[in-house]
Structures are given as C-alpha cells and as structure tokens.
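First the structure, in the form of structure tokens, and then the observations on it.
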Amino acid sequence: MDSPIRLTVLISGNGTNLQAVIDKVSAGQLPVNIVRVLSNRKDAFGLERAKRAGIPTTYHNLVKYKKKHPATPEGVQAAREEYDAELARLVLQDSPDLVACLGFMHVLSMKFLQPLEDAHVKIINLHPALPGAFNGANAIERAHTAWREGKIDKTGVMIHHVISEVDMGKPILVKEIPFVKGVDEDLNVFEQKVHEVEWGTVIEGIEIAIREIKEEKGKHSGAA
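Everything in the sequence shown is counted per the UniProt record's numbering, starting at 1 for the first residue and increasing by one.
Given below as structure tokens:
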C-alpha cells in the first residue's frame, strides 16, 4: 500500500479550506499526512484548527525581517528574500511531498521556490478567480465589481502550480462560477458561495497533485 503523501499547508487566515482538508483526511477520504500548518499571521484561526486536529503549527513573521532593513524598496525586498529563504528551510525540515497555499497572503520569491524545486517538492495554490483574471489580492471583490459593471458574467476558482509571477502558474483545476442576477448582488452572499466552491476544489486539486507526484515518482523509480 502506498504511504500517504506528506502535505504542508501555508495559511494566513480563518482556514476554512484547511478545515475541508482536515475533515477529508480524518474521514479517510484523502491519502495525505498533514505534517505542518504554517502561518505568516499569529492570529490566523487556521492555526487553532490545526492544533485541534493535532497537527504541528509554526508562526513565521515577516515583520522581524523588515526591522533588520531600511524601509526602502531595496530593504523591503531584502527582508522578503531573507524571510522566504528561512520559510523554505522551515518547510523542508518536514520533508513534504507537497505544499498547498490555502489563503496564504504572501508572494513567494525564488528564495523559497528554488530550494523546494531542488528538493522536488510540488507547490500548489488556491486562487479565487479564473486563469489570467484578477490576479493578486481581493479577487472575489474585484470580479464582483466587474460583474456589477456589466464587464463579465462569470468568475471561478482554480488550483495552480506556483511560480514567481503572482497567480500565473499552470492551472491544474479550474471551476467556473456564473453570476446569477437576483442572487449574487450581495457581495457577502456571493463570497460565501465562492468559498463553498473552494472547499471541494481544494480537495480535488490536492488529489490531482497526488496523482502527479505518484506518476513522477513512478517514472524516477522506473528509470533507476
């Protein structure tokens, strides 16, 4: 029997997508071992969700790195690169097969991405928009505004591979969400609708990533 995929989850907030993963793992319906949940925000409720499930947690804060550098663009970049290098070290200590960014509000640089690539660790991200649309923060709100202005009639969520360009990695799963007149005008109601789509998408995206990892491991073992 295959051993479970080792999964590290990066979060910044409430952790509802994390909870969806925890629930599936607990039910024996997702063959992963969540080795750590790491947050860049101390008050992220997702950390509490992880602790309740007996999952190790780490809080990794950018502020202390910023304090070591001047408040210039160059200083901020240096701080972020130091932060990312240490984040990579922390993540790799657990020897994960897969890292899932589930509401992780931090743009990852090559100082993080390269060490993980060298270690053959796959990184995926959940983004609440369709490929190429509304990259970056506040994607749901921006899509909702565009719909109200008559510019679009649908949005969506996707799971994609992570590269240094924000939300531009190759999608592995896309779910479209049509806007419904008379229902979706209330942004809060629509946000909840999107989040509920996210929960299923996260599980399906992780399942796809698991298959990719196992296929790649099979190729390597076959070539050995």
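In this text, a Cβ means the ideal position worked out from N, Cα and C, and glycines have one as well.
Quick check: what's the CA-CA separation for I22 versus V194?
Start at 1 with the first residue of the sequence shown, and residue 22 comes out as number 22. Start at 1 with the first residue of the sequence shown, and residue 194 comes out as number 194. Their Cα atoms are separated by approximately 19 Å.
Neighbourhood of H106 by C-beta, 6 Å cutoff - its chain only, sequence neighbours within 5 removed
Working through the sequence shown from its first residue, we reach residue 106 at position 106. Taking C-beta separations shorter than 6 Å and ignoring five residues to either side along the sequence, the partners of H106 in its chain run N40, following chain order.
Are the beta-carbon atoms of V35 and D97 separated by less than 7 Å?
On the sequence shown, position 35 is the one that residue 35 refers to. On the sequence shown, position 97 is the one that residue 97 refers to. With contacts defined by Cβ atoms closer than 7 Å, V35 and D97 do not form a contacting pair.
One or two residues paired with R6 in a DSSP bridge
To locate residue 6, count along the sequence shown from 1; it is residue 6. R6 is bridged to N33.
For L7 and A78, which I take to be in contact (beta-carbon distance under 8 Å), what is that distance rounded to the nearest angstrom?
As a working mapping, residue 7 is identified with position 7 in the sequence shown. As a working mapping, residue 78 is identified with position 78 in the sequence shown. Rounded, the Cβ-Cβ distance is 31 Å, inconsistent with contact.
Using the beta-carbon count (16 or more within 10 Å), is P128 buried or exposed?
Residue mapping note: residue 128 aligns to position 128 of the sequence shown, counting from 1. A residue is called buried once 16 or more other Cβ atoms fall within 10 Å of its Cβ, and P128 is buried on that count.
What is the DSSP secondary structure of I124, reduced to helix, strand or coil?
Taking the sequence shown and counting its residues from 1, the one referred to as residue 124 is at position 124. It is a strand residue.
Taking C-alpha atoms, which residue in S26, V121 and L62 lies nearest to R52?
Here residue 52 refers to the residue found at position 52 of the sequence shown. Answer by Cα proximity: S26.
Say whether the segment 137 to 148 touches the segment 109 to 123, bearing in mind that this needs 3 or more beta-carbon pairs closer than 8 Å, one atom from each stretch.
They do not touch, by the three-pair rule.
Whole angstroms is fine: what's the gap from residue 226's alpha carbon to L173's?
This structure does not reach residue 226, given that the chain is present from 1 up to 224, and the question cannot be answered.
Can you list, in chain order, the residues of its chain with a C-beta nearer than 7 Å to that of E141? Leave out the 5 residues immediately preceding and following it.
Looking up residue 141 in the sequence shown gives position 141. Contacts found: L187.
Alpha helix (DSSP H) runs contained entirely in the segment 123 to 154, provided each spans 4 or more residues
139 to 148, all fully within the segment 123 to 154.
Can you have a look at A44 and say buried or exposed, based on whether 16 or more other CB atoms are within 10 angstroms of its CB?
Sequence index remark: in the sequence shown, residue 44 carries index 44 (1-based). By the neighbour-count rule (16 or more Cβ atoms within 10 Å), A44 is buried.
Using only CA atoms, which one of G200, V76, H60 and P70 lies nearest to L30?
The residue labelled residue 30 in the question sits at position 30 within the sequence shown. When each option's Cα is compared against that of L30, the closest is G200.
When the Cα atoms are used, what is the spatial distance from V32 to P73?
Within the sequence shown, numbered from 1, the residue matching residue 32 stands at position 32. Within the sequence shown, numbered from 1, the residue matching residue 73 stands at position 73. Distance between the alpha carbons of V32 and P73 is about 40 Å.
Got a sec: does the ligand ZN put a non-hydrogen atom nearer than 6 Å to the Cβ of N138?
Of the ligands one can find in the structure shown there are none, so the ligand ZN has no counterpart to examine.
Evaluate Y65 with the Cβ neighbour count: other Cβ atoms within 10 Å of its Cβ, from every protein chain shown; 16 or more gives buried, anything less gives exposed.
Along the sequence shown, read from residue 1 onward, the residue named residue 65 stands at position 65. That one is buried.
Tell me the residue span of the beta strand (DSSP E) that contains T57.
Residue mapping note: residue 57 aligns to position 57 of the sequence shown, counting from 1. Per DSSP, T57 belongs to the beta strand (DSSP E) from T57 to Y59.
State the DSSP-derived secondary structure class of E176, mapped to helix, strand or coil.
Here residue 176 corresponds to residue number 176 of the sequence shown, with the count starting at 1. Note: E176 maps to strand in three-state DSSP.
Identity of the residue in I159, N135 and G156 nearest E165 by Cα
Walking along the sequence shown from the start, residue 165 turns up at place 165. The candidate whose alpha carbon is nearest that of E165 is N135.
Name the DSSP beta bridge partners of A98, please?
As a position in the sequence shown, residue 98 is number 98, starting the count at 1. Position check: residue 98 holds Leu in this sequence, whereas Ala was assumed. The bridge partners DSSP lists for L98 are L7 and K122.
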